[in-house]
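Residue numbers (the UniProt record's numbering): 1 to 189.
In this text, a Cβ means the ideal position worked out from N, Cα and C, and glycines have one as well.
Below: one structure, written as structure tokens.
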């Protein structure tokens with residue numbers, strides 16, 4: 001079921017039939033370089049996808065023909081206490097990068113989260129992930145600082161994390177963003 005749509009995208013929960021696209025993204029070089037998770041076997045990837053389906057924190061970024069091209073997650077922000085906060089993460093199939101899809105999807109997700117009671121959204125990216133830094137800043141996030149010696153990633157490399165946030169009262173849909181959105185269609189729970 002569609003959670004919301006943007007001009008070119010449909011955002012929905014993942015389904016088992018997304019497996020081929022999921023493993024392509026999950027085992028891609030950019031994913032493995034900028035996330036602490038190791039490459040997955042097919043069986044482990046199937047288990048992870050089924051877990052994410054049950055958890056209902058993942059959003060599948062799909063073209064209008066329902067082809068999954070990326071994914072976003074929104075989950076409790078463990079760095080904040082007793083506030084309506086969500087942390088987001090996102091990944092795109094390399095074949096679809098550089099076309100503005102992730103920006104479009106993030107603008108939609110931000111609007112969706114704020115419309116549904118979230119007061120602050122945060123994101124953490126490995127220091128050095130300049131593309132994600134620029135994307136977050138482009139959609140309105142503020143770079144709060146660096147969490148040093150934060151995550152042991154692949155190849156036992158310890159990474160610093162850049163911390164970003166966006167508060168509901170600071171969110172405005174600029175002319176750049178408004179053209180990305182169309183009337184959002186929300187899932188009825």
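Review point. Is the number of C-beta pairs between the stretch 130 to 145 and the stretch 11 to 26 that are closer than 8 Å three or more?
Key: no
Practice item. Hey, could you find the ends of the beta strand (DSSP E) residue 91 is sitting in? Key: 85 to 92
Exercise for review: Put residue 141 into one of helix, strand or coil per three-state DSSP.
Suggested key: coil
Check your understanding: Under the rule that 16 or more other beta-carbon atoms within 10 Å means buried, what is residue 82, buried or exposed?
Key -> exposed
Practice item. Could you spell out where the beta strand (DSSP E) holding residue 155 opens and where it closes? Key: Premise fails: residue 155 is in no beta strand (DSSP E) and is neither H nor E.
**Study point:** alpha helix (DSSP H) segment containing residue 108, residue limits
**Key:** 101 to 115
Check your understanding: Grouping DSSP H, G and I as helix and E and B as strand, with all else coil, what is residue 124?
Key -> strand
Exercise for review: Could you check if residue 159 is buried or exposed, using at least 16 other CB atoms within 10 Å of its CB as the buried criterion?
Suggested key: buried
Exercise for review: Take the Cβ of residue 11 as the centre, count every other Cβ of all protein chains shown within 10 Å, and call the residue buried at 16 or more, exposed below.
Suggested key: buried
Review point. How many whole angstroms separate the CB atoms of residue 73 and residue 125, which I take to be in contact at a CB cut-off of 8 Å?
Key: Rounded, the Cβ-Cβ distance is 13 Å, inconsistent with contact.
Review point. Taking the C-alpha atoms as reference points, what is the distance between residue 121 and residue 166?
Key: 5 Å
**Study point:** Presumed contact (8 Å Cβ cut-off) between residue 34 and residue 109, rounded CB distance
**Key:** Contact doesn't hold; Cβ gap of about 18 Å is too wide.
Review point. Grouping DSSP H, G and I as helix and E and B as strand, with all else coil, what is residue 147?
Key: strand
**Study point:** Buried versus exposed call for residue 66 [16 or more other C-beta atoms within 10 Å across all chains shown]
**Key:** exposed
Practice item. Take the Cβ of residue 117 as the centre, count every other Cβ of all protein chains shown within 10 Å, and call the residue buried at 16 or more, exposed below. Key: exposed
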